[in-house]
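Below you'll find the structure, written out as C-alpha cells, and then a few comments.
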Amino acid sequence: MSTLSQRWRGPAAMALIAMALAVATPTSAEAQLGWIKRLLGKKPPAPAQVAVPQAGAGAAAPSSDQGGSSSAPSPVAPPTLLPQASGSSPTPDPAVQAAVVAQREEYERRLAYGKALDERPVTLQSVQERLQFWEGMKLTPPFNPEVHQAFDRARRDLETLQREDSSKRASDARLADVDKKLDVATRSLRTNSFSDVVSITDDIPASDPGNEKARRLKVAAENGEKLRRLKITLFALGAAAIALFVVLSVFAKKIFRKESGGDPSTTPVGATANGRRVYVKVVDGVGRGKLVPVPGDVFRIGAMESADDADRNDLVLSDSLAAISRHHCDIIRKGRDYFLVDSSRNGTRLNDRILARGDERRLRDGDEFSLADVSRLKFVKT
Numbered sequence: 000m001s002t003l004s005q006r007w008r009g010p011a012a013m014a015l016i017a018m019a020l021a022v023a024t025p026t027s028a029e030a031q032l033g034w035i036k037r038l039l040g041k042k043p044p045a046p047a048q049v050a051v052p053q054a055g056a057g058a059a060a061p062s063s064d065q066g067g068s069s070s071a072p073s074p075v076a077p078p079t080l081l082p083q084a085s086g087s088s089p090t091p092d093p094a095v096q097a098a099v100v101a102q103r104e105e106y107e108r109r110l111a112y113g114k115a116l117d118e119r120p121v122t123l124q125s126v127q128e129r130l131q132f133w134e135g136m137k138l139t140p141p142f143n144p145e146v147h148q149a150f151d152r153a154r155r156d157l158e159t160l161q162r163e164d165s166s167k168r169a170s171d172a173r174l175a176d177v178d179k180k181l182d183v184a185t186r187s188l189r190t191n192s193f194s195d196v197v198s199i200t201d202d203i204p205a206s207d208p209g210n211e212k213a214r215r216l217k218v219a220a221e222n223g224e225k226l227r228r229l230k231i232t233l234f235a236l237g238a239a240a241i242a243l244f245v246v247l248s249v250f251a252k253k254i255f256r257k258e259s260g261g262d263p264s265t266t267p268v269g270a271t272a273n274g275r276r277v278y279v280k281v282v283d284g285v286g287r288g289k290l291v292p293v294p295g296d297v298f299r300i301g302a303m304e305s306a307d308d309a310d311r312n313d314l315v316l317s318d319s320l321a322a323i324s325r326h327h328c329d330i331i332r333k334g335r336d337y338f339l340v341d342s343s344r345n346g347t348r349l350n351d352r353i354l355a356r357g358d359e360r361r362l363r364d365g366d367e368f369s370l371a372d373v374s375r376l377k378f379v380k381t
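In terms of numbering that gives the first Met the number 0, the sequence shown opens at residue 0 and continues consecutively.
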C-alpha cells in the first residue's frame, strides 16, 4: 500500500495544481486541457504506420536468427489516427472538464454565500463570521479583488464594533459606579451625614453631568446642613439667655438683700413666705388712716389694751359706744393664705356679708371687713 500511495502521490498533486491553474487562466477549455495533459506528461498518440504491401504478401515472415527456432508472429500495426481539420485543438477529456466546471460552480456558490453573510445585520458575531469566511476565501486561488474588498470591509466593521463595545463597557462601568455612589449618598442623607452627601454628589458630575438624582440629593443635604446649623445657633442663644438670666437673678437677689439689710434666712415683718407684705388698713370709722403690718401667724384685732402677750391685741380699735369687742376678730395665716375668724358679740362683716361666730373666711387682696359697723378695714398684699 505504501508503494502504491507513493506512486500516485506525485501525479495527484500535479493534477490539483493543473486544475487550479486552469481556473486562473483565461483561455478556452480546449487549450487548458492541452497544456494540462502536457503538464501531467501525457503525450498525444503517435500517428499510425500504414503498412506497405510487399512481394510475397501472405508469406511467412523471416525466421529468427536465434537457434533456428520456430518463427514468432509478426507485430500488429497500431490503428491509424484520423487526421483533424487544420487549426482545431485536441478534444478535451470529459472528466477533467467536468471537474473544472464543478470547481467553478463551487467557487461561485461560496462567493454568493459570502455576499449573503454581508447582508446580515451587523453584530459582533456576524462580523466575526464574515471576517473568518473572507479570510479563508483570500487563501483560496484564484486572486479575486472582490474577495479582498469584502475582507477589508469585514475587518473595518469588526474594529468599529470593538471600539463601540469598549466604549459601551466603559460607559456601563461609569453608570454602575454612579449608582453605587448615589446609594451611599442616600443612606448618608438618612443618617443626617450632610457633609458626606455633598462630597459624594460633587464627584458624580464628572461621570454623569446631567444626573438629576445627584442634584436633588445635594440640594437636600445643603438644606439639611443649614437647618442643623440654625438649630445649633438657636440652642446656643437659648443657653446663653438662660445663663444670663440666672446671673442677673443672682445679682438682683444680692442687691435686694443688701438694700433690705436683713438676714436672707428670715422673713421680713409683715411679709409672706413668698416675699409679699401683708397689711391691714383702716379705711373708715374708728382709727381711720391706720396701716398696720401683719407680722405673724395670728393677728388680733380688738378694743382692749393689755401688757400681757396672751391678751394683747395687735391692732387696738375702741369706740365710745363699746361696740367693738375686747377681742373682736383674728387674722390667721395658714401657709400662704390668710383667714378671718370672728369672735365678737356685735358681729363682723366680710365684703358686707356677716360672719358667723367662729367661722373662718379666706382673705384676698383688697377684701374689706367691718367691725360692728363702726370701723371698716381693708386687707392689703404688696
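All residues carry an ideal CB built from backbone N, CA and C; glycine is no exception.
On a predicted model such as this, the values are computed, not experimentally measured, just so you know.
Query: With DSSP as the reference, label Val146 as helix, strand or coil.; Result: helix
Query: Is the stretch 315-322 touching the stretch 281-298 in the sense that three or more CB pairs, one from each, lie closer than 8 Å?; Result: yes
Query: From the DSSP output, in three-state form, read off Arg361 for me.; Result: strand
Query: Can you give the Cα-Cα distance for Leu174 and Val126, rounded to whole angstroms?; Result: 28 Å
Query: How about Asp336 and Arg361: do their beta carbons lie closer than 8 Å?; Result: yes
Query: If I follow the unbroken alpha helix (DSSP H) through Leu110, where does it start and stop?; Result: Pro93 to Asp117
Query: Identify whether Ser369 lies in helix, strand or coil by the three-state DSSP scheme.; Result: strand
Query: Assuming His327 and Ala309 make a contact with CB atoms under 8 Å, what is their CB distance in whole Å?; Result: Between Ala309 and His327 the Cβ distance is about 16 Å, and since that is not below 8 Å, they are no contact.
Query: Look at the alpha carbon of Ser248 and the alpha carbon of Ala235, and state the distance between them as a whole number of angstroms.; Result: 20 Å
Query: Under 7 Å Cβ to Cβ from Trp133, same chain only, skipping five residues before and after it: list those, please.; Result: Gly113, Val146, Ala149, Phe150 and Ala153
Query: How close, in whole Å, do the beta carbons of Lys180 and Ile203 come, if the pair is a contact with beta carbons under 8 Å?; Result: 6 Å
Query: Tell me, to the nearest whole angstrom, how far the beta carbon of Glu128 is from that of Leu116; I am working on the premise that it is less than 8 Å.; Result: 6 Å
Query: Output the distance between the C-alpha atoms of Arg8 and Val100, rounded to the nearest integer angstrom.; Result: With a pLDDT of 47 at Arg8, under the threshold of 50, the modelled position of that residue is not reliable, and no figure is offered here.
Query: Determine whether the beta carbon atoms of Leu130 and Leu157 lie at a separation below 8 Å.; Result: yes
Query: With a cut-off of 8 Å, do at least 3 Cβ pairs link the stretch 341-350 to the stretch 363-379?; Result: yes
Query: When you compare only the Cα positions, how much space is there between Thr232 and Val197?; Result: 21 Å
Query: Starting from the C-beta of Val373, find all residues in its chain whose C-beta is less than 8 Å away, skip the five residues before and the five after it, and write them out in chain order.; Result: Gly284, Val285, Asp318, Leu320, Ala322 and Ile323
Query: List the whole-angstrom C-beta distance separating Asp296 from Arg332, where the pair is believed to meet the contact cut-off of C-beta under 8 Å.; Result: 5 Å
Query: Among Lys225, Lys167 and Val177, which one has its Cα closest to the Cα of Asn191?; Result: Lys225
Query: Just the Cα atoms here: how many angstroms apart are Gln96 and Gln124?; Result: 39 Å
Query: Please report the distance separating the alpha-carbon of Arg275 from that of Thr381.; Result: 6 Å
Query: Just checking my contact of Ala384 with Phe193 at CB under 8 Å: how many whole Å lie between their CB atoms?; Result: No answer is possible for residue 384: the residues shown for the chain start at 0 and end at 381.
Query: Given a threshold of 16 other Cβ atoms within 10 Å of its Cβ, counted over all protein chains shown, does Ile241 qualify as buried or as exposed?; Result: exposed
Query: Return the Cβ separation of Arg375 and Val282 in integer angstroms, given the expectation that the two are a contact with Cβ distance under 8 Å.; Result: 5 Å
Query: Here's the rule: buried if 16 or more other CB atoms are within 10 angstroms of the residue's CB, otherwise exposed. What is Ala355?; Result: exposed
Query: Looking at the strands, I want to know which residues DSSP matches up with Pro292.; Result: Tyr278
Query: Report the three-state DSSP secondary structure of Ser165 (helix, strand or coil).; Result: helix
Query: Decide if Phe298 is buried, meaning its Cβ has at least 16 other Cβ atoms within 10 Å, or exposed.; Result: buried
Query: By Cβ distance, which residues of its chain are closer than 6 Å to Lys377, with the 5 residues on each side in sequence left out?; Result: Lys280, Val282 and Glu367
Query: If you follow the alpha helix (DSSP H) that Thr200 is in, where does it begin and where does it stop?; Result: Phe193 to Asp202
Query: Can you grab the Cα-Cα spacing for the pair Asp208 / Lys217, in whole Å?; Result: Residue identity check: residue 208 is Pro in the sequence provided, not Asp. Spanning the two alpha carbons is a distance of roughly 13 Å.
Query: Confirm, please, whether the CB-CB distance from Pro292 to Tyr278 is below 8 Å.; Result: yes
Query: Buried or exposed: Thr159, going by 16 or more other Cβ atoms within 10 Å of its Cβ?; Result: exposed
Query: Hey, quick one: how far does the alpha helix (DSSP H) through Ser305 stretch, first residue to last?; Result: First-last for Ser305: undefined, no H or E at that position.
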